[in-house]
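Novice: Sequence order for the protein chains is A and B.
Start counting the first sequence at 1; every next residue gets the next number (our numbering).
Start counting the second sequence at 1; every next residue gets the next number (our numbering).
Glycine included, C-beta positions come from ideal geometry on N, C-alpha and C.
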Amino acid sequence: MIATAAFLILLLAVTIQIIFILKQGKTPDPFSHYLVLAVSLLLFALTLYRSIAIQFVAVTNTFESLVFFSAVICLLIFLYRLKTKKQTVPMVLFGGTIVSLVLLAIASSPIAPKTIEPPIPALKSSWLVLHVTFSFIGESFFTLSFVSAVIYLFTKDKEKKKKLETLTANLIAVGYPVFTAGALIFGAIWARYAWGSFWSWDPKETWALVTWLVYTAYLHARFVRRLKGSFSALLAVSGFLFTIFTFFGVNFLLSGLHSYA
Amino acid sequence: MKQLKLVTLVYRFLKSVKLALILIGYLIVVSIIATLIPQGRQLSYYQKEFSPLIGGLIIRFGVSTFFRSFLFLVPLGIFFINLAVCTVDRIVRRFKYKSPLRPGPDLIHIGLLVLMIAGVFSLFERQEGFTFLAPGNMVKLPGGYTLELTSFTYSRYKDGRPREWISKVHISKGNSPPEKAFIEVNHPLRLGKLNLFQYSYRDRSMVTITDSSGNNYALHPGETFKSEKLSYRFLRLATDSSGLTTFVTEKDPPTPAAIFAKFQKDGETLHLRLNHNDTLGPFTLTKLTPRLETGINVVYDPGFVPILISLILVSLGLLLTFMQKRKGETKP
Ligand code: HEM
Chain A
1 MIATAAFLIL
11 LLAVTIQIIF
21 ILKQGKTPDP
31 FSHYLVLAVS
41 LLLFALTLYR
51 SIAIQFVAVT
61 NTFESLVFFS
71 AVICLLIFLY
81 RLKTKKQTVP
91 MVLFGGTIVS
101 LVLLAIASSP
111 IAPKTIEPPI
121 PALKSSWLVL
131 HVTFSFIGES
141 FFTLSFVSAV
151 IYLFTKDKEK
161 KKKLETLTAN
171 LIAVGYPVFT
181 AGALIFGAIW
191 ARYAWGSFWS
201 WDPKETWALV
211 TWLVYTAYLH
221 ARFVRRLKGS
231 FSALLAVSGF
241 LFTIFTFFGV
251 NFLLSGLHSY
261 A
Chain B
1 MKQLKLVTLV
11 YRFLKSVKLA
21 LILIGYLIVV
31 SIIATLIPQG
41 RQLSYYQKEF
51 SPLIGGLIIR
61 FGVSTFFRSF
71 LFLVPLGIFF
81 INLAVCTVDR
91 IVRRFKYKSP
101 LRPGPDLIHI
111 GLLVLMIAGV
121 FSLFERQEGF
131 TFLAPGNMVK
141 LPGGYTLELT
151 SFTYSRYKDG
161 RPREWISKVH
171 ISKGNSPPEK
181 AFIEVNHPLR
191 LGKLNLFQYS
201 YRDRSMVTIT
211 DSSGNNYALH
221 PGETFKSEKL
231 SYRFLRLATD
241 SSGLTTFVTE
251 KDPPTPAAIF
261 AKFQKDGETL
271 HLRLNHNDTL
281 GPFTLTKLTP
291 RLETGINVVY
301 DPGFVPILIS
311 LILVSLGLLL
321 TFMQKRKGET
331 KP
């Protein structure tokens, strides 16, 4: 119910954004980000509701992860809009909202069962909660960096390109430490408590490491070697594709410790 | 003179970020390939599942245990040297030219170097042992400890998913009186240098069924038998009313019931809950012997503390890098 309402509000936000972009495209619309904020709050409320029901932080299955992920992306979109005001690139808002919409659509599909279930023993750990939440917060920054890198690649206007390049770099510079802490450090500590070893080269772990290496390569290319062109933008784009594959692809195509079926 | 130039060139190569980027690219590609090839199977598996050429290559280059093969470890070794040279060079230079301090990335790099050393150390020094224990069983552990399982609880949610596995134990050392302790998933028990993990379980319960001539047959969980053209499978012993939610063995267990699956002719499966002396076709249930065993993994890993320290260094480095960057942030 709540997820459907969130989806519909987001759809309305996207419609407003499209109308404004088609109309003139230079300045952002004055309203849609409040709808996006409302969606974020609704999704956090849903997480809270489910958490009370299972007496544990509700981030332990695919549906709950997607809800949390979308909630954080929506919050970031709102904060970006608030911080940049007239400097906002409307296409970034639009792209981010679309990604959120797609994630919510996947959440409402049958591949993400919605039954409210308390977690199995391996998942009952504060380290797991830190692992999942930090990973998704980091990945939300990566999502927006992906959007801005894609727009960068398709933009001709030099001024706008510069703005997008800086935005991509800043988003990754913030997302990277959060993601590293969540996906790798807290993940390893959780694995140590649950299974007795920090790392076991499970496919999901390996893909998370690969994702992290792609962003590490981005940071060194961008901040150390000062490569600011398409190469860095392509790294930012591929980093996000790896992020998404680590989340979905590994669960559905490769098996390992992390598929709790 | 020429020799000196070569040394300089090699040094420059080893400290270059370009080499780092190439090695990272390599590690990304091969790690991905390694996730597409199932790891750790028997060699015959690769001969059977892949074409002769690919199967042969997998075996030859040790791809079946890829993360221990030279294809992975040698480039990782070069990466380690690359990172070490680059880090030391930066620190030395900073002191030489008194350039502004940027300790964040250095801490990250040093943390990663420590992590790689600690990881290899752990790989060689780590020892582990695994044991199944039933209530009343005892095992001697290194360090002079004796572990006795006093009870093991396995409970499920109503939908059948596992809820918790808890091993209650008594620990004693030398002549000291035994102390009570618990081992649970996500809550390992620390004993000196050892860590004990709740790792697994196995159901070794047994039911005995007796036919009209007095012949006894013993069944373990999962075993099937046929009678009058119908087949039955003994699933488990259960101590709660639904027969599906809880299974507890204590030293003195409550009277359990036996859960059987009955496979009907129409393909349907019926679940039966039988008590002592109940009948099943021509058989009578004469004995129910509960025995649920806990699987405990005992780990000695001297790499644990160094790895934890390296993770803390990396975290601090990330935090410092982030804080410094924020100060000089360029607004989009
Ligand atoms: C997996 C391995 C590595 C990780 C995770 C890593 C991580 C980082 C991070 C997070 C930064 C800060 C970037 C920023 O400004 O946001 C950094 C900077 C840097 N890294 Fe690495 N690094 C790695 C390997 C290497 C290697 C092998 C080299 C050298 C060949 C290297 C050379 C540098 C340099 C020169 C800087 C710039 C420092 C500065 O701006 O003061 N890194 N590294």
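When the Cα atoms are used, what is the spatial distance from L8 (chain A) to Y300 (chain B)?
Specialist: If I take the Cα positions, the gap works out to 54 Å.
Novice: Go through its chain and collect everything with a Cβ distance to V30 (chain B)'s Cβ below 7 Å, but skip five positions before and after it.
Specialist: Here the set comprises L71 and F72.
Novice: Apart from the five residues on each side of it in sequence, which residues of its chain come closer than 6 Å, Cβ to Cβ, to V99 (chain A)?
Specialist: Here the set comprises T143.
Novice: For I33 (chain B), which residues from the same chain have a beta carbon less than 7 Å from its beta carbon, with the 5 sequence-adjacent residues on both sides left out?
Specialist: No residues qualify anywhere along the chain.
Novice: Residue ranges of each beta strand (DSSP E) run of no fewer than 3 residues wholly in the segment 111–190 of chain B, ordered along the chain?
Specialist: Here the runs fully enclosed are 127–133, 138–141, 145–156, 162–173 and 179–184.
Novice: Can you tell me whether I59 (chain B) is helix, strand or coil according to DSSP?
Specialist: Reduced to three states, the DSSP call for I59 (chain B) is helix.
Novice: Between the segment 49–58 of chain A and the segment 109–123 of chain A, do three or more beta carbon pairs fall short of 8 Å?
Specialist: Judged by Cβ distances under 8 Å, the segment 49–58 of chain A makes contact with the segment 109–123 of chain A, as three or more pairs qualify.
Novice: Would DSSP call T8 (chain B) helix, strand or coil?
Specialist: Helix at T8 (chain B).
Novice: Flag this pair as yes or no: are the beta carbons of Y45 (chain B) and I59 (chain B) separated by less than 8 Å?
Specialist: No, the pair does not count as a contact, with Cβ atoms beyond the cut-off.
Novice: Counting only the same chain and skipping the five closest in sequence on each side, list residues whose C-beta sits under 6 Å from that of S310 (chain B).
Specialist: Closer than 6 Å at Cβ, skipping near neighbours: G111, V114, L115 and A118.
Novice: Listed in chain order, which residues of the segment 30–53 of chain B have Cβ atoms closer than 8 Å to some Cβ of chain A?
Specialist: Listed by position, the residues of the segment 30–53 of chain B near chain A (Cβ gap below 8 Å) are S31, I32, A34, T35, L36 and Q39.
Novice: Can you tell me whether R41 (chain B) is helix, strand or coil according to DSSP?
Specialist: In the structure shown, R41 (chain B) sits in coil (DSSP, three-state: anything other than H, G, I, E or B).
Novice: So is Q198 (chain B) buried or exposed if we call it buried at 16+ other beta carbons inside 10 Å?
Specialist: Result: buried.
Novice: Taking a Cβ distance cut-off of 9 Å, strictly less, list which residues of the segment 25–59 of chain A are near chain B, in chain order.
Specialist: Cβ contacts with chain B come from no residue of the segment 25–59 of chain A.
Novice: Beta-carbon separation of L320 (chain B) and P103 (chain B) under 8 Å?
Specialist: Going by C-beta atoms, L320 (chain B) is nearer than 8 Å to P103 (chain B).
Novice: Taking the Cβ atom as the reference point for each residue, do Y176 (chain A) and Y152 (chain A) lie within a distance shorter than 8 Å?
Specialist: Cβ distance not < 8 Å, so Y176 (chain A) and Y152 (chain A) don't count as in contact.
Novice: Please list the residues of the segment 176–191 of chain B that have a C-beta atom closer than 9 Å to any C-beta atom in chain A, keeping them in chain order.
Specialist: Result list: E184, V185, N186, H187 and P188.
Novice: Check whether the segment 36–47 of chain A touches the segment 64–80 of chain A, taking contact to mean three or more Cβ pairs, one atom from each stretch, closer than 8 Å.
Specialist: The segment 36–47 of chain A, when compared against the segment 64–80 of chain A, does touch it at the 8 Å Cβ threshold.
Novice: Measuring alpha carbon to alpha carbon, tell me which residue in B:I28, B:N297 and B:K18 is nearest V185 (chain B).
Specialist: For V185 (chain B), the nearest C-alpha among the options comes from B:N297.
Novice: Would you check if there are 3 or more beta carbon pairs closer than 8 Å linking the segment 177–187 of chain A to the segment 125–136 of chain A?
Specialist: Yes, since at least three Cβ pairs between the segment 177–187 of chain A and the segment 125–136 of chain A fall closer than 8 Å, the two stretches touch.
Novice: In terms of DSSP beta bridges, what is Q198 (chain B) paired with?
Specialist: Bridge partners of Q198 (chain B): B:I296.
Novice: Less than 7 Å between the CB of Y176 (chain A) and some heavy atom of the ligand HEM, yes or no?
Specialist: Checking the Cβ of Y176 (chain A) against the ligand HEM gives yes.
Novice: Whose Cβ in chain A lies nearer than 8 Å to the Cβ of Y157 (chain B)?
Specialist: By Cβ distance, chain A contributes E117 and P118.
Novice: Measuring CB to CB, does T211 (chain A) end up less than 8 Å from T243 (chain A)?
Specialist: Going by C-beta atoms, T211 (chain A) is nearer than 8 Å to T243 (chain A).
Novice: Kindly indicate if chain A contains any beta-carbon less than 8 Å away from that of P306 (chain B).
Specialist: Chain A, which has no Cβ nearer than 8 Å to the Cβ of P306 (chain B), makes this no.
Novice: Quick one: is the Cβ of A173 (chain A) within less than 7 Å of any heavy atom of the ligand HEM?
Specialist: Correct: A173 (chain A) has its Cβ closer than 7 Å to the ligand HEM.
Novice: Rounded to whole angstroms, what's the CA-CA distance from N137 (chain B) to H170 (chain B)? Just pull it up for me.
Specialist: If I take the Cα positions, the gap works out to 11 Å.
Novice: I want to verify the contact list: residues of chain A whose CB lies under 9 Å from the CB of V299 (chain B), in sequence order.
Specialist: Within 9 Å Cβ-Cβ: G196 and S197.
Novice: Using only alpha-carbon positions, find the residue among A:D29, A:F63, A:Q87 and A:L48 that is nearest to K163 (chain A).
Specialist: K163 (chain A) has its Cα closest to that of A:Q87, out of A:D29, A:F63, A:Q87 and A:L48.
Novice: Please write down, chain order preserved, every residue whose beta carbon lies under 7 Å from a heavy atom of the ligand HEM.
Specialist: Going by the Cβ distance cut-off, the answer is A:A173, A:Y176, A:L213, A:T216, A:L219, A:H220, A:F223, A:V224, B:K15, B:S16, B:V17, B:L19, B:A20, B:I24, B:F79, B:N82, B:L83, B:C86, B:R90, B:R102, B:G104, B:P105, B:I108, B:H109, B:L112, B:L318, B:T321 and B:K325.
Novice: Report the residue from A:V178, A:A217, A:F154 and A:F31 whose alpha carbon sits nearest the alpha carbon of F141 (chain A).
Specialist: That would be A:V178, whose Cα lies nearest to the Cα of F141 (chain A).
Novice: Do you know whose CA, among B:L189, B:H109, B:F124 and B:F121, lies nearest Y145 (chain B)'s CA?
Specialist: When only C-alpha atoms are compared, the closest one is B:L189.
Novice: Let's see if you can read the secondary structure: which residues bound the alpha helix (DSSP H) around I77 (chain A)?
Specialist: Element bounds for I77 (chain A): T62 to T84.
Novice: Output needed for L101 (chain B): all residues of its chain with C-beta closer than 6 Å, excluding positions within five of it in sequence on either side, in chain order.
Specialist: Excluding positions up to five away in sequence, the list is empty.
Novice: Scan the segment 12–61 of chain A and note each continuous alpha helix (DSSP H) run of 4 residues or more that stays entirely inside, going in chain order.
Specialist: Listed in chain order, the complete alpha helix (DSSP H) runs (minimum 4 residues) inside the segment 12–61 of chain A are 32–54.
Novice: Whole-angstrom Cβ separation of P302 (chain B) and P256 (chain B), contact assumed at under 8 Å?
Specialist: The Cβ separation is near 43 Å, so there is no contact.
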